[in-house]
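Residues 90 to 184 (our numbering) make up the sequence shown, in order.
These notes are about the structure you will find just below.
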Amino acid sequence: MIHLLLLLVAALSFSALMHGLPRHQGPLLHRMLPRLASRRLRIAGWAGIALGTALAVLAFGWGYGLIVWLGACTLGATAAVLHLAFRIQARRHVH
């Protein structure tokens, strides 16, 4: 169960980081966010990454926990990038 939680934290963290970058806001949100909102999303993303690291280390220890967390980060980042790619592709077909 902790593996699913870590995967969810990683995916949400990378999604927040991605939504906080101005270059990705157009394809994802169809508008630009104010600077403060972008900054808060980036802070939330990094806080989620720190939280996930802490959860993994508490659950599995430093040795195995970091490996599990990096695996969850890999899958979470891949999901965020694929979501962005599909949104851009879908937007091209609409216009």
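Yeah, the Cβ is synthetic: ideal placement off N, Cα and C, and Gly gets one too.
Go to Pro116, then tell me how far its alpha helix (DSSP H) extends in each direction, as first and last residue. Where Pro116 is concerned, the enclosing alpha helix (DSSP H) starts and stops at 111–118.
Throw me the rounded Cβ distance for the Arg82 and Gly109 pair, which I believe falls under 8 Å. The requested residue 82 does not occur in the structure, where the chain is confined to residues 90 to 184.
Closer than 7 Å: is that where the CB of Ile177 sits relative to any heavy atom of the ligand ATP? Judged by which ligands are present, the structure shown has none, so any question about the ligand ATP falls away.
Determine whether the beta carbon atoms of Ala145 and Leu95 lie at a separation below 8 Å. Contact: yes.
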